[in-house]
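Quick notes on the structure that follows.
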Amino acid sequence: MRIGRYEVDIFSDGIFRLDGGSMFGIVPKVLWERVKPADERNRVAMDMSCLLIRDGAGHAVVVETGAGTKLTAKQRDIFGIDQPPALLDELGRRGVRPDEVTLVVNTHLHFDHAGGNTYRDGERLVATFPRAAYVFQRLEWQDALTANERTRGSYFDDDYHPLESAGRLELVEGDAELLPGLWVERVSGHTRGTQTVRVTAGADTVFFTSDFLPDRHHLPLPWIPAFDLYPLETLDAKRSLLPRAAEEKWTVAFTHDVPRFGRVTVADGRYRFEEIDTG
Numbered sequence: 004m005r006i007g008r009y010e011v012d013i014f015s016d017g018i019f020r021l022d023g024g025s026m027f028g029i030v031p032k033v034l035w036e037r038v039k040p041a042d043e044r045n046r047v048a049m050d051m052s053c054l055l056i057r058d059g060a061g062h063a064v065v066v067e068t069g070a071g072t073k074l075t076a077k078q079r080d081i082f083g084i085d086q087p088p089a090l091l092d093e094l095g096r097r098g099v100r101p102d103e104v105t106l107v108v109n110t111h112l113h114f115d116h117a118g119g120n121t122y123r124d125g126e127r128l129v130a131t132f133p134r135a136a137y138v139f140q141r142l143e144w145q146d147a148l149t150a151n152e153r154t155r156g157s158y159f160d161d162d163y164h165p166l167e168s169a170g171r172l173e174l175v176e177g178d179a180e181l182l183p184g185l186w187v188e189r190v191s192g193h194t195r196g197t198q199t200v201r202v203t204a205g206a207d208t209v210f211f212t213s214d215f216l217p218d219r220h221h222l223p224l225p226w227i228p229a230f231d232l233y234p235l236e237t238l239d240a241k242r243s244l245l246p247r248a249a250e251e252k253w254t255v256a257f258t259h260d261v262p263r264f265g266r267v268t269v270a271d272g273r274y275r276f277e278e279i280d281t282g
């Protein structure tokens, strides 16, 4: 879709699966399974959505890199990943080579968002996008480096450590404008250093939610994943951002929904997602 100087595309790197109870936190299974059926291992399927943002002036920005190619067979089984990653193929279909990407934005450094940052070239780990700066919050970087017993299952060092030695890191602190009208904004809740992506042109906004709002099924305010380290901060973010998204008619895309653009509406205190035709 077109917004101002930018063309914004959304696509999926593939499907992965996580425990449904963990994804929906305190919400009873009898409720969440109505909208997200679980498999025989109680896992729910989710897309790993990515964005490609281009301005026609040489900038090509990739937001999220999916799970990548480095997972072991055991990890792929645990997370229900049974297809190769689609990131590079999807970029290729849009005429973008890895060496043409100028920025990579990770909303945070969990493996399903940053796994495609790097790949194995023989015995070496190298940046998938060799000319790009990789942008994430300094706070997220610090927390990934000091992951603890609760968090280390989501952070895989090989996804981000090689970027430091290659000089490809661009750490930001809080809200930052990366290009004219292209913003990252820190939204604590899922992790302390999670950031959203917002593209603005005049009164128009495209908003990529990050995992503070992983899909349309989490629009109800109390529907918050157990994965969120600071759930009350997630609640505050939803209370703040959802009314703005509805009132200002933002175009919204989720990290773990079927790749699509839509709008958030509110009626009788209930938020809903309505897909829009972006032509």
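Residue numbers (my numbering): 4 to 282. Cβ coordinates follow ideal geometry from the N, Cα and C atoms, glycine included. Nothing here was measured: the structure is a model prediction, and the numbers come from that model.
Could you check what DSSP says for residue i in three-state terms: helix, strand or coil?
| i | result |
| --- | --- |
| VAL33 | helix |
| ARG57 | strand |
| ARG5 | strand |
| GLU236 | helix |
| ALA179 | strand |
| ASP260 | coil |
| VAL107 | strand |
| ILE227 | coil |
| PHE19 | strand |
| VAL187 | strand |
| LEU91 | helix |
| HIS62 | coil |
| HIS193 | coil |
| VAL99 | coil |
| LEU172 | strand |
Who pairs with residue i in a beta bridge, going by DSSP?
| i | result |
| --- | --- |
| ASP207 | ALA204 |
| LEU142 | Answer by DSSP bridge pairing: none, since LEU142 is not bridged. |
| ARG273 | ALA270 |
| ASP12 | LEU55 |
| ARG123 | LEU128 |
| ARG79 | DSSP, once it has assigned bridges, lists no residue as partnering ARG79. |
| VAL47 | LEU21 |
| ALA136 | LEU106 |
| GLY28 | Answer is none; GLY28 lacks a bridge partner. |
| TYR158 | HIS113 |
| GLY316 | What the structure shows of the chain is the stretch from 4 to 282, and residue 316 is not part of that stretch, so it cannot be assessed. |
Indicate whether residue i and residue j have their beta-carbon atoms separated by less than 8 angstroms.
| i | j | result |
| --- | --- | --- |
| PHE215 | ALA256 | no |
| ILE13 | PHE264 | yes |
| VAL1 | VAL138 | Absent from the structure is residue 1, since the part of the chain shown begins at 4 and ends at 282. |
| ARG46 | ASP22 | yes |
| ASP162 | PHE114 | yes |
| GLY184 | GLY7 | yes |
| CYS53 | VAL64 | no |
| LEU128 | PRO88 | no |
Just to confirm my understanding: we take residue i, look at its own chain, exclude 5 residues before and 5 after, and list those with CB closer than 8 angstroms. What are they?
| i | result |
| --- | --- |
| SER213 | THR110, HIS111, VAL190, HIS193, THR197, GLN198, THR199, VAL200, THR258 |
| PRO101 | LEU91, LEU94, THR131, PHE132, PRO133 |
| GLN86 | GLY17, ILE18 |
| ASP42 | ARG20, ALA48, GLY83 |
| TRP144 | LEU112, TYR163, LEU172, LEU174, GLY196 |
| VAL38 | HIS220 |
Quick one: what's got a C-beta closer than 7 angstroms to residue i's C-beta in the same chain, skipping five residues either side?
| i | result |
| --- | --- |
| ALA147 | LEU112, TYR158, TYR163 |
In chain order, what residues of the same chain have a beta carbon less than 6 angstroms from the beta carbon of residue i, not counting five sequence neighbours either side?
| i | result |
| --- | --- |
| LYS241 | LEU224 |
| PRO234 | ILE227 |
| GLY28 | ILE227, PRO228, ALA229 |
| VAL269 | ALA249 |
Quick check: the segment 113-121 against the segment 70-87, are there 3 or more CB pairs under 8 angstroms? yes
Using 8 angstroms as the threshold, is the segment 240-256 in touch with the segment 215-232, meaning 3 or more CB pairs across them? yes
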